[in-house]
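Residue numbers (our numbering): 2 to 123.
In what follows, a structure is listed as structure tokens, so that the remarks can point back to it.
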């Protein structure tokens, strides 16, 4: 309801536990705290306040794996290695040195444009 009051239109891809919003060439996904903790494979208490995941989508599983390896090599902390996931895609999580959590994902239902941008399908 809060985001609707801001004038944001929830996308039809939303489902229980996660709301998606098209954001000018990017997609914002908002999870409930328990749903986000479960998706990350962490206890809810570990999320603290203001829990958020920044997601980067890729065209292939190999690109996800390469980005994950690069993040860890640069000093990121492994949270959940990339794996095939229930919804049909492939994703993993890492945290930057400040504790900000990133998801790296390949979603076969959300193809990327040639320039790498993501627009939710209608």
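For every residue, glycine included, the Cβ atom is placed at its ideal position computed from N, Cα and C.
Note that the coordinates shown come from a computational prediction; the quantities given were computed from them, not determined experimentally.
Check for me: the alpha helix (DSSP H) holding residue i runs from which residue to which?
i           : result
residue 110 : Element bounds for residue 110: n/a, residue is neither H nor E.
DSSP state of residue i, grouped into three classes?
i           : result
residue 80  : strand
residue 30  : strand
residue 96  : strand
residue 114 : coil
residue 38  : helix
residue 20  : strand
Have a look at residue i and residue j and give me their C-alpha separation to the nearest angstrom.
i           : j          : result
residue 116 : residue 55 : 19 angstroms
residue 42  : residue 84 : 12 angstroms
residue 12  : residue 33 : 16 angstroms
residue 38  : residue 44 : 6 angstroms
residue 92  : residue 67 : 12 angstroms
- [ ] Give, in chain order, every unbroken run of the beta strand (DSSP E) that is at least 3 residues long and sits entirely within the segment 47-77.
- [x] Complete beta strand (DSSP E) runs here, min 3: 54-58.
TODO: Indicate whether the contact test is met: 3 or more Cβ pairs, each with one atom in the segment 18-33 and one in the segment 105-121, closer than 8 angstroms.
DONE: yes
Open item on the list: Count Cβ pairs between the segment 100-113 and the segment 60-69 that sit closer than 8 angstroms; are there 3 or more?
Closed with: A contact exists between the segment 100-113 and the segment 60-69.
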